[in-house]
Amino acid sequence: MKKDILVKAGYRYNFDRDLFVNRDVKKAFSLEFVNDHPEDELVQRIRENKDENGWQFYFNSEPSDGVRRELERVLG
Amino acid sequence: MPERTVEDLLRAEYFRFLPEVRKVAWQVETEIRYRTLSILRDLSDYEQLVVRVRVKECESAIKSLQRRQEGSIFDPDHPADYSLLSLPDLAAIRVLVFPRARLLACDEILRRSFPKWAPDPILDDRGTTLAYKYTGFCPEVSDMVRAEYQVVPLLIGLFWEVEHSTMYKPHPSLKGVGGDSDMRRLRNEVEKALSRFEAGFEGFVQNRE
Numbered sequence: 253m254k255k256d257i258l259v260k261a262g263y264r265y266n267f268d269r270d271l272f273v274n275r276d277v278k279k280a281f282s283l284e285f286v287n288d289h290p291e292d293e294l295v296q297r298i299r300e301n302k303d304e305n306g307w308q309f310y311f312n313s314e315p316s317d318g319v320r321r322e323l324e325r326v327l328g
Numbered sequence: 002m003p004e005r006t007v008e009d010l011l012r013a014e015y016f017r018f019l020p021e022v023r024k025v026a027w028q029v030e031t032e033i034r035y036r037t038l039s040i041l042r043d044l045s046d047y048e049q050l051v052v053r054v055r056v057k058e059c060e061s062a063i064k065s066l067q068r069r070q071e072g073s074i075f076d077p078d079h080p081a082d083y084s085l086l087s088l089p090d091l092a093a094i095r096v097l098v099f100p101r102a103r104l105l106a107c108d109e110i111l112r113r114s115f116p117k118w119a120p121d122p123i124l125d126d127r128g129t130t131l132a133y134k135y136t137g138f139c140p141e142v143s144d145m146v147r148a149e150y151q152v153v154p155l156l157i158g159l160f161w162e163v164e165h166s167t168m169y170k171p172h173p174s175l176k177g178v179g180g181d182s183d184m185r186r187l188r189n190e191v192e193k194a195l196s197r198f199e200a201g202f203e204g205f206v207q208n209r210e
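Quick look at the structure:
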């Protein structure tokens with residue numbers, strides 16, 4: 253199951269934001285992204301390296317700068 | 002002066018449209034009560050038809066709109082992208098009926114009364130219809146505020162009144178209960194048991210007649 257894959261990889265569900273979040277690696281998957289993408293793609297995204305120091309968000313619709321800024325603020 | 006947040010702007014919008022939402026709720030409720038009057042008059046002692054109306058509260062409407070955004074967050078740079086008028090249920094009417102034969106009659110009569118409203122049935126985990134839901138406008142009152150009405154088995158509707166604040170929109174201390182697989186299974190079992198009770202009761206009554 254997709255949820256098990258994410259939990260096993262250290263992601264926790266954020267009920268306020270409907271996101272699967274891993275603060276150690278600074279990655280977050282939206283619930284919509286998880287629902288709409290196959291398991292093998294999730295595994296690939298979990299494994300892939302991040303280019304930058306900030307957060308990496310996996311959304312169906314690319315988050316705007318404002319959304320990204322707000323999410324970075326609330327996720328810490 | 003600090004800039005107004007998206008939430009501030011939505012609050013202002015809410016109170017600007019609240020009188021209109023109330024008029025829509027009144028219109029739909031009155032229409033539904035009138036249209037179902039013939040069924041109400043004909044009910045046996047053990048049968049029930051209850052009409053309940055609610056206008057969504059301000060903070061609940063804002064939260065509901067927020068949850069519809071990916072990441073459940075508003076973009077502070079684009080406040081004009083958001084409007085509470087996009088919600089389908091600012092005004093909502095629930096028709097609770099027992100038993101099922103009466104529910105189907107209510108649904109039929111109301112569908113004819115609101116022919117342009119869009120159906121959006123509430124399904125159980127196996128895709129069976131638990132309740133009927135429709136959304137649409139009352140052009141006599143407003144072409145801005147959408148309303149919703151539901152026709153729900155009374156037993157399930159009463160259970161949902163408890164489930165609403167325990168699982169669907171729980172207190173912050175109960176976060177996650179709605180996603181808990183055991184609790185979801187228990188909820189589905191309750192709904193199935195209530196449906197079985199209703200079907201069994203109807204069968205019993207038919208056999209006596």
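Protein sequence lines correspond, in order, to chains U and E.
The C-terminal position of the first sequence is numbered 328 in the numbering used here, with every residue numbered one higher than the one before it.
The C-terminal position of the second sequence is numbered 210 in the numbering used here, with every residue numbered one higher than the one before it.
Quick reminder that beta carbons are idealized off the backbone N, C-alpha and C, glycines included.
As the structure is a computational prediction, the values presented were derived from the model and not from experiment.
Cross-chain neighbours of E322 of chain U in chain E, by beta carbon under 9 Å: G72, I74, F75, D76 and P77
field: Touch test, the region 66-78 of chain E against the region 111-125 of chain E, Cβ-Cβ under 8 Å, three pairs minimum
entry: no
Check whether Y310 of chain U and F267 of chain U have beta carbons under 8 Å apart: no
message: Using a Cβ-Cβ cutoff of less than 8 Å, which residues in the same chain neighbour E8 of chain E once the five nearest sequence positions on both sides are dropped?
response: I63 and F75
query: How long is the line joining the alpha carbons of L85 of chain E and E14 of chain E, rounded to whole angstroms?
result: 7 Å
- prompt: Quick one: is P290 of chain U buried, meaning 16 or more other Cβ sit within 10 Å of its Cβ, or exposed?
  reply: exposed
message: Can you list, in chain order, the residues of its chain with a C-beta nearer than 7 Å to that of F29 of chain E? Leave out the 5 residues immediately preceding and following it.
response: With the sequence shown as reference, residue 29 of chain E is identified as Val, and Phe is not the correct amino acid for it. Answer for V29 of chain E: A92, I94, C139, A148 and Y150, listed in chain order.
task: Report the three-state DSSP secondary structure of D46 of chain E (helix, strand or coil).
output: coil
- prompt: Around the Cβ of I157 of chain E, are there at least 16 other Cβ atoms within 10 angstroms (buried) or fewer (exposed)?
  reply: buried
task: Using only alpha-carbon positions, find the residue among E:R12, E:A119 and E:L124 that is nearest to Y83 of chain E.
output: E:R12
DSSP beta-bridge partners of F99 of chain E: E:Q49
query: For V235 of chain E, which beta-bridge partners are listed by DSSP?
result: Outside the shown range of chain E, which is 2 to 210, sits residue 235 of chain E, and nothing can be said about it.
message: Any beta carbon from chain U within less than 8 Å of K170 of chain E's own beta carbon?
response: no
Length-filtered (3 minimum) beta strand (DSSP E) runs lying within the region 132-171 of chain E: 143-154
query: Based on Cα-Cα distance, which residue from U:L283, U:V277 and U:D317 lies nearest to E304 of chain U?
result: U:V277
field: Length of the line joining the Cα atoms of E314 of chain U and G72 of chain E
entry: 11 Å
query: By the 10 Å Cβ neighbour count, where 16 or more other Cβ atoms means buried, how is P3 of chain E classified, buried or exposed?
result: exposed
Classification of A200 of chain E by the beta-carbon crowding that lies within 10 angstroms, buried from 16 upward: exposed
- request: Would you list the residues sitting across from L124 of chain E in a DSSP beta bridge?
  value: E:T130
task: For T37 of chain E, count neighbouring Cβ atoms within 10 angstroms of its own Cβ and tell me buried if that reaches 16, exposed if not.
output: buried
- prompt: Along the region 282-310 of chain U, what residues have a CB closer than 7 Å to any CB found in chain E?
  reply: S282 and E284
field: When E:G137, E:D108 and E:L105 are compared against A119 of chain E, the one with the closest alpha-carbon
entry: E:G137
query: Of all the CB atoms in chain E, is at least one closer than 8 Å to the CB of G262 of chain U?
result: no
field: Neighbourhood of D288 of chain U by C-beta distance below 8 Å, restricted to the same chain and skipping five residues each side
entry: N312
field: Identified DSSP bridge partners for S282 of chain U
entry: U:L271
message: I need the straight-line Cα distance from Y47 of chain E to L159 of chain E, nearest angstrom please.
response: 16 Å
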